[in-house]
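Please read the structure below before turning to the comments.
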Amino acid sequence: MSSLKEFATYLAVDTQVAVVAMNYQVAPGLRYPGQLLQMGELVTYLQKENSQFPNLDLSRVFVGGDSAGAQIAGQYALVQTNFDYAKENEFTQTLAAENLKGYLSYCGPVNMIQTAENEPSSKLMKWFVQSVGWSLVVKKAWQDTPQLQQASLVDHLTKNFPPSDGQKIAGRASRCPVLIL
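Each residue of the sequence shown is one higher than the last, beginning at 1346 in the numbering used here.
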């Protein structure tokens, strides 16, 4: 958590955004798509309790993360911007697509199928990838599950997906854009 604090502090200072760090539950304690649903719950909470956070501008939200957190944030952005994908997979859109202004991925897997198909060179990395996949979907042969296709972002992106090019994401204003990590 200390590395997240350092990263979040840097982003807040450098970009003048309010950073909300999500502490999602990890697998196997919570299975896929639980973490994605938790992100939606966080956004719903921020919207519902907006008066508690007067400096947050929820009309300018950025999502992002590191590693699995980046995949969760990317899939959350996908749900908000691709109505057909959300409906097909029975996900609820919790943020208006026009309020989602950007996506920040720090080493996040966006093509889960490619991740599953590429054989890691080291035994340790092979064990790690296998363990993570298995713990998320509770199936040893996780590479053959519909969840893998569902969690792979690249085949579901539309023109509505928010920018992810790393431009400065804010300017000085009375209310801060929100970056959810």
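Heads up, the beta-carbon is just placed ideally off N, CA and C, and yes, glycines get one too.
Exclusion of the five residues before and after VAL1364 leaves ALA1353, LEU1356, ALA1357, LEU1524 and LEU1526 as the residues of its chain whose Cβ lies within less than 7 Å of its Cβ. In its chain, beyond the 5 residues on either side, ALA1431, GLN1438, THR1439, LEU1440, ALA1441, ALA1442 and LEU1445 have a beta carbon closer than 8 Å to the beta carbon of GLN1425. Three or more pairs of CB atoms, one per stretch, sit closer than 8 Å, so the segment 1403-1423 contacts the segment 1375-1394. The Cβ neighbour count for VAL1408, taken over all protein chains shown within 10 Å, is at least 16; the residue is labelled buried. Within a 10 Å sphere around the beta-carbon of VAL1388 sit 16 or more other beta-carbons, which makes this residue buried.
Counting the other CB atoms within 10 Å of its CB gives PHE1436 a total of 16 or more, which places it among the buried residues.
Straight-line spacing of the CA atoms in SER1450 and LEU1391 works out to 22 Å.
Per DSSP, the unbroken alpha helix (DSSP H) holding LEU1391 starts and ends at 1379-1393.
With the rule of 3 Cβ pairs closer than 8 Å, the segment 1492-1505 counts as touching the segment 1458-1465.
Exposure of GLN1370 is indicated by the presence of fewer than 16 other C-beta atoms within 10 angstroms of its C-beta.
Separation of PRO1373 and GLY1379 (C-alpha to C-alpha, rounded to the nearest whole angstrom) is 10 Å. For the 9 Å CB-CB criterion, LEU1401 and PHE1506 do not form a contact. Here HIS1501 is not near ASN1395, since their CB atoms are 9 Å or more apart.
Distance from the CA atom of ASP1411 to the CA atom of VAL1362, rounded to whole angstroms, is 18 Å.
Taking C-alpha positions only, LYS1485 is separated from LYS1393 by approximately 39 Å.
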